[in-house]
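Numbering (the numbering used here), first residue to last: 7 to 151.
Think of the CB as a built atom: it goes at the ideal place given N, C-alpha and C, for glycine as much as any other residue.
The structure under discussion appears below in the form of C-alpha cells.
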Ligand SMILES: [Zn+2]
C-alpha cells in the first residue's frame, strides 16, 4: 500500500493550529506570499472566508481563490484577558470581525494597536494584512485603514 502523503501546511498557521488536513491548504502558501485569500463559488458567486472548498448553496466544489483586498467595516471586537490552552502567551489580544460586504473576516487586531478599546470604534475602516506571530508562525491581522 502506498504511503499516504499528509499535507500539514496549516500547522504553520497561528499560535496553535487545530486544522489537520484541509482541502484549502493553499491558503498558507498565499499567506506566505503576503496574500490573505478566500474562496468564491464559480457557480453562484458566493464568497467564503475562511476559505471553503465546497459551496453549500450550489453543492459544487468548483471554487476559485480571491484576495481579501481593500477595506472592510469593523463590526465588533473584544480584548481577551483569558485565553484557551496554548494561547496564554499571546494575552492580551483583541479579536474582531470585519465586514467586507460579500463576506466577513474574523481575526486578530494588530498588536501595534496598543490600546484597542480606546483606538478602535465599531464602524471604522479596517484592512487585513499577512504577518507572523512572535514565534514565526503565519497569521493575518487587522490594521486601521
Ligand atoms: Zn455556490
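Output the boundary residues of the beta strand (DSSP E) element that contains residue i.
i, result
"residue 37", "It is not in any beta strand (DSSP E) - residue 37 instead sits in the alpha helix (DSSP H) that spans 32-38."
"residue 144", "144-150"
"residue 80", "78-86"
"residue 41", "Note, residue 41: premise wrong, no beta strand (DSSP E); not H, not E."
"residue 115", "110-115"
"residue 99", "99-105"
"residue 11", "No beta strand (DSSP E) holds residue 11; DSSP gives it neither H nor E."
Residue i lies in the alpha helix (DSSP H); which residues open and close that run?
i, result
"residue 124", "122-125"
Got a sec? Which residues, its chain only, sit under 6 Å from residue i by beta carbon, not counting five neighbours each side?
i, result
"residue 66", "49"
"residue 115", "100, 102, 122 and 148"
"residue 63", "50 and 52"
"residue 46", "53, 70 and 72"
"residue 40", "136"
Can you tell me whether residue i is buried or exposed, with buried defined as 16 or more other CB within 10 angstroms of its CB?
i, result
"residue 87", "exposed"
"residue 91", "exposed"
"residue 128", "exposed"
"residue 126", "buried"
"residue 57", "buried"
"residue 37", "buried"
"residue 30", "buried"
"residue 113", "buried"
Just to confirm my understanding: we take residue i, look at its own chain, exclude 5 residues before and 5 after, and list those with CB closer than 7 Å. What are they?
i, result
"residue 7", "Unreliable placement is indicated for residue 7, whose pLDDT of 47 sits below 50; the coordinate value is still reported in the next sentence. For residue 7, where only same-chain residues beyond five positions count, there are no Cβ hits under 7 Å."
"residue 157", "Residue 157 falls outside the range modelled here, since the chain spans only 7 to 151, and no answer is possible."
"residue 137", "145, 146 and 147"
"residue 33", "43 and 57"
"residue 18", "34, 143 and 144"
For residue i, which residues of its own chain have a beta-carbon under 8 Å away from its beta-carbon, when the five flanking residues on both sides are left out?
i, result
"residue 132", "77, 78, 79, 80, 102, 104, 148, 149, 150 and 151"
"residue 139", "20, 21, 96 and 145"
"residue 119", "100, 125, 126, 149 and 150"
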